[in-house]
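Residue 29 is where the sequence shown starts when you use this note's numbering, and the numbers rise one by one after that.
We treat Cβ as the ideally placed atom computed from N, Cα and C, and that holds for glycine.
These notes concern the structure reproduced below.
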Amino acid sequence: MRGTSKARRGATGKGCAEGRGEEGSGYGREQGKGGAMFNERAIVCRSQAALSGLMGAEGPPASVAPPPHALHELRRRVAPPPELHWLLQEVEAWGVRRGGAWGGARAADALLRAVAPLAAHPHAPLRTAALSLLAKLLPAAPDLHPGLQAILECLDSSQPEVAQSAVDKLPELVVGMQEHAARILMRVFELGMKSRLPVEPCIAKCVATINLNRGC
Numbered sequence: 029m030r031g032t033s034k035a036r037r038g039a040t041g042k043g044c045a046e047g048r049g050e051e052g053s054g055y056g057r058e059q060g061k062g063g064a065m066f067n068e069r070a071i072v073c074r075s076q077a078a079l080s081g082l083m084g085a086e087g088p089p090a091s092v093a094p095p096p097h098a099l100h101e102l103r104r105r106v107a108p109p110p111e112l113h114w115l116l117q118e119v120e121a122w123g124v125r126r127g128g129a130w131g132g133a134r135a136a137d138a139l140l141r142a143v144a145p146l147a148a149h150p151h152a153p154l155r156t157a158a159l160s161l162l163a164k165l166l167p168a169a170p171d172l173h174p175g176l177q178a179i180l181e182c183l184d185s186s187q188p189e190v191a192q193s194a195v196d197k198l199p200e201l202v203v204g205m206q207e208h209a210a211r212i213l214m215r216v217f218e219l220g221m222k223s224r225l226p227v228e229p230c231i232a233k234c235v236a237t238i239n240l241n242r243g244c
């Protein structure tokens with residue numbers, strides 16, 4: 029009898045120990061799962077933050093004034109053409125962030141005076157960028173004289189590629205200075221008479237663009 033009781037107590041003790049061991053291992057598994065879930069959640073949070081950065085979170089609003097360094101260097105026009113080209117791109121990017129407002133009439137005038145002389149530059153990428161920016165600035169600038177002079181200088185250039193650049197961009201340029209359209213188109217017609225540049229499509233497109241802009 030005594031042996032049977034000891035055997036029972038031994039079996040009971042062994043069962044309790046096994047039960048505690050199973051509980052301990054179960055707790056360890058739960059703790060391990062919790063740690064893994066926490067790590068996964070941290071990874072997801074970091075991934076979402078990185079993804080939002082890659083997708084272009086909104087940066088600070090653009091300054092009301094044009095980039096001062098770019099405006100200063102464009103006025104001086106002593107930097108190499110590639111650097112001036114980069115500065116024009118910087119100004120255009122600033123204008124896009126401003127929603128095309130160009131910082132108001134005064135800032136648009138300052139930019140127009142700085143950019144206009146580059147429209148007839150021999151460096152093709154710089155010239156193209158200047159004409160493109162000129163087309164955007166003309167509707168915002170009260171004083172169109174620098175832009176008009178730049179376009180006429182391009183059309184009168186002895187370099188055919190400079191005149192061709194202006195002819196190619198003219199339908200966009202003339203919309204911003206419709207009061208001078210007759211004078212510009214007459215100069216284009218004269219250019220066609222004394223050169224081999226095909227100006228007829230340009231004149232037709234300019235007239236169509238002006239009529240469309242006026243609602244005709």
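1) What are the start and end residues of the alpha helix (DSSP H) that includes Met221?
2) How should Ala210 be labelled, buried or exposed, when 16 other C-beta atoms within 10 angstroms of its C-beta is the threshold for buried?
3) Compute the beta-carbon to beta-carbon distance between Ala194 and Leu139, rounded to the nearest angstrom, for a pair I have assumed lies under 8 Å.
4) For the 8 Å Cβ check, are there 3 or more pairs between the segment 146-159 and the segment 124-136?
5) What's the gap between the Cα of Arg125 and the Cα of Leu116?
6) Whose C-beta lies closer than 6 Å to the C-beta of Glu181 among residues of the same chain, with five residues either side of it excluded?
7) Go ahead and pull the three-state DSSP assignment for Ser91.
8) Quick check on this structure: which residue in Leu162, Pro145 and Arg224 has the alpha carbon closest to the alpha carbon of Arg104?
9) Could you tell me the distance, in whole angstroms, from the CA atom of Ala93 to the CA atom of Lys222?
If we stick to the structure as given:
1) Met221 -> alpha helix (DSSP H) spans Ala209 to Lys222.
2) Exposed, by the Cβ-count rule.
3) With a Cβ gap of about 19 Å, Ala194 and Leu139 do not count as contacting.
4) They do not touch, by the three-pair rule.
5) Roughly 14 Å between the two C-alpha positions.
6) The residues are Ala148.
7) Ser91: coil per DSSP, three-state reduction.
8) Of Leu162, Pro145 and Arg224, the residue nearest in Cα terms is Pro145.
9) Spanning the two alpha carbons is a distance of roughly 43 Å.
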